[in-house]
Amino acid sequence: MNAAQAIKVLAIEDSENDVRLAMRLLRRAGFDVEWQRVDDLAALQAALVRGDWDAVISDFSMPGFSGLEALNAFQATGLDIPFIFVSGTIGEETAVVAMKAGASDYVMKDNMSRLAPVLERELVQCARRAAHREAEAELRRFELQLSEAQKMESLGTLAGGIAHDFNNILGAILGNVELARGELEPAHPAVAMLGEIQKAGLRARDLVRQILTFSRRERQALHTVALHPVINETHGLLRVTLPAAVELELRLVDKPVYVNGDATQLQQVLMNLSTNAWHAMRGEAGRIVIGLEAVHVDAATARSLSGLAAGPHAHLWVSDTGSGMDDATRKRIFEPFFTTKPTGQGTGLGLSVVHGIVVAHQGSIAVESTPGRGSTFHLYLPAVSAPPAAASVSTPADEPVRGNGEHVIYLDDDETVTLVVVGLLERAGYRCSSFTEAAAALAAVASSPDAVDLFVTDYNMPGRSGLDVAQEVSSMRPTLPIVISSGLLTDELRAKASRVGVCAFLEKEDTFRDLLPLVGRILGAET
Ligand SMILES: Nc1ncnc2c1ncn2[C@@H]1O[C@H](COP(=O)(O)OP(=O)(O)OP(=O)(O)O)[C@@H](O)[C@H]1O
Ligand SMILES: [Mg+2]
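Residue numbers -19 to 507, in my numbering, belong to the letters of the sequence shown in order.
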């Protein structure tokens, strides 16, 4: 036993001397005892309520108050500590009654040397029971977390599946809106309506994108990303959405800051944070600041920001003069589906997506907020050095891409996608043959290989994957540029595709936005 185990003992006993004797024995056995004696029911109950006892010892028969009554009162408290009868009068039968009633053990006053070992044994057992209870509670907590995680996972899979199909449908809607607008004079009354369809469609696409990011478990391919362009682009998007009463200010360091990341996801993070900031103004005037600086995070700060390693970081922040949050809200904001917005106005996914993206970037996020004063979200992302010049491919500006009759073959099993693509390419001056069957597309290349300038194929098609198709095309015409479009561009896919001669990739979701600039770049369009 521990040399001096400190314990607090409650003694139920009419004789002060007997208690002192018992305590002396316990001290001699190595206990550091503190004790209190009570000898009636009221005092016992008061003591039980008041004290943080480690054990109770009780006489069996006292004037006007029985040991069994004491035991009853003790049991009513639900305490799990040793209750040991110490008695001179206890006979074998009474002892049986006492044990049946739930006493831990009994010790005869003429054999008091048993008290210390009995108490020690009972204390150990109590500690075991307590540990067991704690372990069981922990297990229940884990089970709850696990079932919560499983629920989220199946929800994620389901949502991801729906979102994926939904995305293609939205693509067709948005693409056709674009085409229809091209057919109309700007003054035509339907132009405004098409604009509304487009706005709603874009909102739906944002939502789908949130769900896709949220449900995607795979690691994203990360590249060196310059943060200034990401912020500036977000700034541009926000300026058109925010009402005039909301000021938007950028405070960015002059020197470029780079992180290893995914530009689209980082933009999504800024959009989600800024949208929340705007909503926190609740229709009133206010100011949002987006800031960027390069910082060196030291070991102590890294420890305080979960998930960070010490070293150079990009510190991005979004602060607002909105409603702020109380502690109870702040603790829950990263939970999926947690929202304080009325039904229909918030899904509660915004910040869980932000959190997921930040974690996937090996970063950390912290929140400061004062109710009524506003909030600041701080993001720390590990900084990397500038990429070699060639890797910094910038997306071309908004200048329209014009082709000159170059022939593009577009293969996708989804017919609505191909129809929109043909429309977009032909309007831009390209010739486009679309196919929904790989065999037909391959036959078209085989019949007149030199009449084709670019081959674009979907990756995920029934029967034959885009990779197989690319391989066959490149064996027929090794110099023909090939592009693969996929909803999930993993590192593995990129590597395999590069080996079979694929020269560029299209993020499926963004086909209608990115296809023309990409085609222009590959075919060297005059812009
Ligand atoms: N800048 C902020 N100021 C005050 N409260 C905020 C701020 N950002 C987030 N919150 C609180 O956190 C909650 C969760 O935010 P989150 O972005 O995850 O979901 P949402 O904005 O409610 O819905 P969604 O983004 O899915 O449309 C919000 O409902 C709001 O209560
Ligand atoms: Mg939000």
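Where is the CB? At the ideal position from N, CA and C, for every residue including glycine.
Ligand 2 heavy atom lying under 7 angstroms from the CB of residue i
i	result
L222	no
L250	no
G403	no
G326	yes
Residue-chain proximity (residue i, chain C), Cβ-Cβ < 8 angstroms
i	result
H295	Absence of chain C from the displayed structure is noted, only one protein chain being present.
beta-carbon residue i near ligand 1 non-hydrogen atom, thresh 7 angstroms
i	result
A260	yes
G330	yes
N256	yes
S413	no
T320	yes
G263	no
T309	yes
S46	no
D186	no
D20	no
G271	no
G556	Nothing can be reported for residue 556, as the shown portion of the chain is limited to -19 through 507.
M3	no
M305	yes
S355	yes
Residue i classed as buried or exposed, judged by whether at least 16 other C-beta atoms fall within 10 angstroms
i	result
R197	At R197 the pLDDT is 47, less than 50, meaning the model places this residue with poor confidence; the figure from the coordinates comes in the next sentence. So R197 counts as exposed.
A115	exposed
N52	exposed
A377	Here the model assigns A377 a pLDDT of 48, short of 50, so the residue's position is not dependable, and the following value carries that caveat. Counting Cβ neighbours within 10 Å, A377 comes out exposed, since fewer than 16 surround it.
F317	exposed
L511	Any property of residue 511 remains undetermined from this structure, which presents the chain solely from -19 to 507.
Q125	exposed
N384	exposed
A370	For A370, the pLDDT reaches just 45, beneath the cut-off of 50, and the residue's location in the model is therefore unreliable, leaving the point undetermined.
N91	exposed
F63	buried
A139	buried
T470	exposed
K488	buried
V87	buried
F40	buried
D60	exposed
S428	exposed
R183	exposed
Integer-rounded CB distance, given that residue j should sit under 8 angstroms from residue i
i	j	result
V275	A290	Actually they are not in contact, since the Cβ atoms of V275 and A290 sit about 11 angstroms apart, beyond 8 angstroms.
S332	V338	Not confirmed; about 11 angstroms, so no contact.
R411	H387	5 angstroms
G58	K(-12)	That belief does not hold up - the Cβ atoms of G58 and K(-12) are roughly 18 angstroms apart, past 8 angstroms.
L150	R185	5 angstroms
L285	A346	6 angstroms
DSSP state of residue i mapped onto helix, strand, coil
i	result
G324	coil
R493	helix
Q245	helix
A363	strand
L296	strand
W15	strand
D85	strand
M261	coil
F435	strand
I(-13)	strand
F45	strand
A9	coil
V463	strand
V402	helix
Short Cβ contact (8 angstroms threshold) for residue i with residue j
i	j	result
A26	G10	no
H215	L202	no
H259	P236	no
P367	Q342	no
L6	L95	yes
V18	I(-8)	yes
A477	M456	no
A56	L24	no
Y360	H295	yes
L473	S466	yes
K89	G68	yes
T320	T309	yes
V364	V239	yes
V432	S454	no
H293	F314	no
L422	I502	no
G302	M261	yes
A81	L48	yes
Any non-hydrogen atom of ligand 3 closer than 7 angstroms to residue i Cβ
i	result
I313	With respect to small molecules bound, the structure shown includes ligand 1 and ligand 2 and not ligand 3.
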